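By the count of the numbering used here, the sequence shown reaches residue 602 at its end, each step adding exactly one.
Just so you know, even glycine gets a beta-carbon here, dropped at the ideal spot from N, CA and C.
The model shown is predicted, which means the values in this text are computed figures rather than measured ones.
Single-structure report; data block below.
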Amino acid sequence: MRSFIKTKYINTKPMIPLLFVLVTTFSCYPSEDEILGCYVSINFKNNKDTICLNSDYSYNRRIYIGKELIFDDSNTWSYESNHINFDNFFFNFDANLLKFPDITEENKGGCQTIIEGSSKNRYFCTGHYVGEYCYKKVN
Numbered sequence: 464m465r466s467f468i469k470t471k472y473i474n475t476k477p478m479i480p481l482l483f484v485l486v487t488t489f490s491c492y493p494s495e496d497e498i499l500g501c502y503v504s505i506n507f508k509n510n511k512d513t514i515c516l517n518s519d520y521s522y523n524r525r526i527y528i529g530k531e532l533i534f535d536d537s538n539t540w541s542y543e544s545n546h547i548n549f550d551n552f553f554f555n556f557d558a559n560l561l562k563f564p565d566i567t568e569e570n571k572g573g574c575q576t577i578i579e580g581s582s583k584n585r586y587f588c589t590g591h592y593v594g595e596y597c598y599k600k601v602n
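Quick look at the structure:
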């Protein structure tokens, strides 16, 4: 004698909007408070670049060669859906700024980048390619 298991199929179509709401409401993006703080350039050879995100939506930018401060700037930033938007951002491609000081004004523009990593290892990159010209959170 054979036994058959009766299976009942559930219509999942009505659950799709609920799933969408749950995913967008409880996403894995860090809050603004979690991204505040200072970030330092990773693997730059010619200079050390620091970017500090402040709670008043300003950022401070300082670039050093050795212990000498060669660039000091501040502007505004915003945050939405895991993206940091920098206003009037200098794209530091690790150039020798003592040799080429004019590029600090020539390479400015808006910059949108994605904040990545876990709460203990936050970072973002500003290069054209993945993993290029990255900054790691230090506090």
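Segment limits, alpha helix (DSSP H) that includes residue i
| i | result |
| --- | --- |
| residue 496 | 495 to 498 |
| residue 505 | That residue, residue 505, is in no alpha helix (DSSP H); it is neither H nor E in DSSP. |
| residue 569 | 566 to 569 |
Under 8 Å between C-beta atoms of residue i and residue j
| i | j | result |
| --- | --- | --- |
| residue 505 | residue 574 | no |
| residue 512 | residue 533 | no |
| residue 495 | residue 542 | yes |
| residue 502 | residue 600 | yes |
| residue 587 | residue 547 | yes |
| residue 423 | residue 517 | Limits of the chain in this structure are 464 at one end and 602 at the other, which puts residue 423 out of reach. |
Integer-rounded CB distance, given that residue j should sit under 8 Å from residue i
| i | j | result |
| --- | --- | --- |
| residue 549 | residue 522 | 7 Å |
| residue 515 | residue 529 | About 20 Å; that fails the 8 Å criterion. |
| residue 449 | residue 545 | Absent from the structure is residue 449, since the part of the chain shown begins at 464 and ends at 602. |
| residue 567 | residue 560 | 7 Å |
| residue 589 | residue 563 | About 18 Å; that fails the 8 Å criterion. |
Spatially closest choice to residue i from the options, by CA coordinates
| i | options | result |
| --- | --- | --- |
| residue 493 | 524, 583, 553 | 583 |
| residue 491 | 577, 590, 537 | 577 |
| residue 585 | 540, 602, 538 | 602 |
| residue 581 | 477, 498, 594 | 498 |
Element boundaries [beta strand (DSSP E), containing residue i]
| i | result |
| --- | --- |
| residue 531 | 531 to 543 |
| residue 583 | From DSSP, residue 583 is part of no beta strand (DSSP E); its letter is neither H nor E. |
| residue 600 | 597 to 600 |
| residue 592 | Here residue 592 belongs to no beta strand (DSSP E), and DSSP marks it neither H nor E. |
| residue 523 | 521 to 528 |
Residues sharing a beta bridge with residue i, DSSP
| i | result |
| --- | --- |
| residue 577 | 546 |
| residue 515 | 501, 523 |
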